[in-house]
Structures are given as C-alpha cells and as structure tokens.
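Residue numbers (my numbering): 1 to 333. For glycine and all other residues, C-beta sits at the position ideal for the given N, C-alpha and C.
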C-alpha cells in the first residue's frame, strides 16, 4: 500500500455517496452490487470491497480508491483497451441473451465450478458460448479456486475441445496450480492466477513457484494503480486486467491500469458494466466495438440519486469506510 499521507476523513465523506446497482443476472452470489463513490482532486473514485471481506482486506481497497482520487494516474500508453464479455454461471439457454449485452467483444470469460452445479453444466455453458462466438472467438474459463487438482484436471480435459484461451484460478493453492500446470502442459492451455495474486500476502509467490503462465490483476484489491503496476513488473509475466464487479467509476480505474501496462496481450475483464441494469452515470462505461475508452466518468447528483442505497446500507458502508480509514492511519503512522 502507498505510504503517502492520507486525505482527511472529512474530505472523503464530504462527497461520499453509497450506491446500489441491480444486476441483470445473479453473479458471484449477489443480485445487487453496492459501492461508495467519492470525488478527489483527480476525479471520482470508488471503494467497493465485497461485504464479506474483513476491514483489514477492505482497507487495501480504500488505499486504491484514495490513490486514484488523489494521485495522478500513470501515463497512458493507449487511448482504448479491448475487453471481454463475462458469462455468469447461467443455464446454456441464457447464453445468447447475456452475450447480447456486450457490443463487439471477441472474448468471453465463462464462470464455472459454481456451487450447486456439476461439470456437465459447465460443459453445456462453455459449448453454448463457443457456438455463439464461432471458431475465431476466444473463450476462457474461471473457476475461482473451486477445484482440487484432480477435479481441475478432469474439468480441463472435458472443456479442452472448446479451444480454451486459458483457465483462471482452477485451484485455490499455489502448489496446486503448479501441479496442475505440469499435468496439463501437453494440452498447451495456460493457467492464470487471480486470487493467488489479489488475496495473497505475497502476490509474487505464484510467479516464483511456477504456478501460473499469466496474472490477473485488479486495481482495488492490489491497493491501486501504482501498486498493481509494480507487481506486474516484478512478476515478469503477462497480465490481464480485470474488474471486481465495479461501477463505471471503478471500471475507469481498471481501464487506467490497462492503458498504462507496457504490453496488453489479452483482452481485459472490464466489460462488467454490461451486467448492471443501472449505473452511477447516464452513459455507463460499456464496450463499444469490443473496447473501452480511457476516460473518467463524472456522475451528476441526479445520477447518484437514481441508484442511492437505502439509509441502513448507507450507514453500514460509511461506518466501514471510517474503520478502514482508521486502519490506514495506523499503517502509515
């Protein structure tokens, strides 16, 4: 995390708004995504750790929000970034309607290994995505660490016929990822690490241990743009920039990160505004022609009123923000 002086809490609270965005389909076990957005000298920023995260973990997300709101963004190397569509763990029959929300995306990330589903469900969903995308489309899967090594090997075999671009976080532990990577090397399907980077005490360990071919990096969980860029540089692996189901304001943080990377070999997981039925701005940061522009949304009061959370949720989030700010004060002296 940055060691720069913290903005005063009152400066943050002066513009802080708590929002609740409804989702078009249940995703990550939720139907509404909540966040705090507020304005700093550099523009609007976002604090949106998932509700189950501890204050210690959430404080890193606040550090990222403050970095984006109070510090100049790194120099952009490109003016737009390509993004993928994200396919929740829906029935195969729902795939076309979800894909229709994404304009021009050539890549789809498919959620697999969802609780209450079996491998046959994953195969059917991935098959439907491949059929919709055609042979030129790119299909990647994300298991969020739900499989053990044997389950992951079996699943990769079952899904390999669909020409996978890569498999994201098939297993939870770094040593499991390394074992799986050896077992499936002959299939030439790369392994990407997400949770082993963003939720790890040592985000570089997965690279040192040979557990991944590429890294998935997210600005908020890693403490901000500058921290994420440093991790990518030290890891020496290709990086995919992704979102954490952010509002359009949070997505603009991810876009700034992707725009600043020296190389951008993979489409970014930043198209998730298409999963919302409402957002914090009238013109959400959604893909057009498969790309997002490098820009910073500016919500109006009316925009924020339209998606305002109820009083109880507002109070819950602002109390959480205060606790995380206090935690950052302790770490920075």
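Looking at the DSSP output, residue 34 shares a beta bridge with 20.
141 is the residue among 141, 187, 73, 75 whose C-alpha sits nearest the C-alpha of residue 89. When 165, 314, 7, 293 are compared, the shortest CA-CA separation from residue 71 is found for 7. For residue 67, the uninterrupted alpha helix (DSSP H) segment begins and ends at 55 to 70. Ranked by Cα distance from residue 19, the first of 325, 331, 229, 318 is 318.
A direct Cα-to-Cα measurement between residue 83 and residue 303 gives close to 25 Å. The beta strand (DSSP E) runs lying completely inside the region 160 to 234 and spanning 3 residues or more are 164 to 168, 191 to 193, 214 to 217, given in chain order. Excluding five sequence positions before and after residue 189, the CB atoms of its chain that fall closer than 7 Å to its own CB belong to 156, 160, 164, 166, 167, given in chain order.
Per DSSP, residue 302 lies in no beta strand (DSSP E) segment; the continuous alpha helix (DSSP H) that holds it begins and ends at 301 to 306. The C-alpha of residue 246 is placed about 16 Å away from the C-alpha of residue 59. According to DSSP, residue 147 shares a beta bridge with 171. A straight line joining the alpha-carbon of residue 74 with that of residue 43 spans about 14 Å. Note that the C-beta distance between residue 76 and residue 260 is below 8 Å. Here residue 17 really is in contact with residue 308; their C-beta atoms are around 7 Å apart, less than 8 Å. In terms of Cβ geometry, residue 200 and residue 211 do not form a close pair [threshold 8 Å].
Counting only the Cα atoms, residue 56 lies some 29 Å from residue 112. Taking the CA atoms as reference points, residue 46 sits about 9 Å from residue 220. Bridge pairing for residue 268: 83 [DSSP]. Annotation: residue 103 is outside any alpha helix (DSSP H) and is labelled neither H nor E by DSSP. Taken atom to atom, the span from the alpha-carbon of residue 326 to that of residue 292 is near 35 Å.
Going by DSSP, residue 292 is part of no alpha helix (DSSP H) but of the beta strand (DSSP E) stretching over 291 to 293. Rounded to whole angstroms, the Cβ separation of residue 67 and residue 225 is 6 Å, and the two are in contact under 8 Å.
Residue environment: residue 135 is assigned as exposed (fewer than 16 neighbouring CB atoms within 10 Å of its CB, all protein chains considered). A residue is called buried when at least 16 other Cβ atoms come within 10 angstroms of its Cβ; residue 250 meets this threshold and is buried.
By the C-beta density criterion, residue 96 is exposed, having fewer than 16 other C-beta atoms within 10 angstroms. Contact between residue 248 and residue 281 holds, with the beta-carbon distance rounding to 5 Å and staying under 8 Å.
Counted as a single uninterrupted DSSP element, the beta strand (DSSP E) harbouring residue 46 occupies residues 43 to 47. If you draw a straight line from the Cα of residue 85 to the Cα of residue 236, it is about 26 Å long. Residue 103 places its beta carbon 8 Å or farther from that of residue 244.
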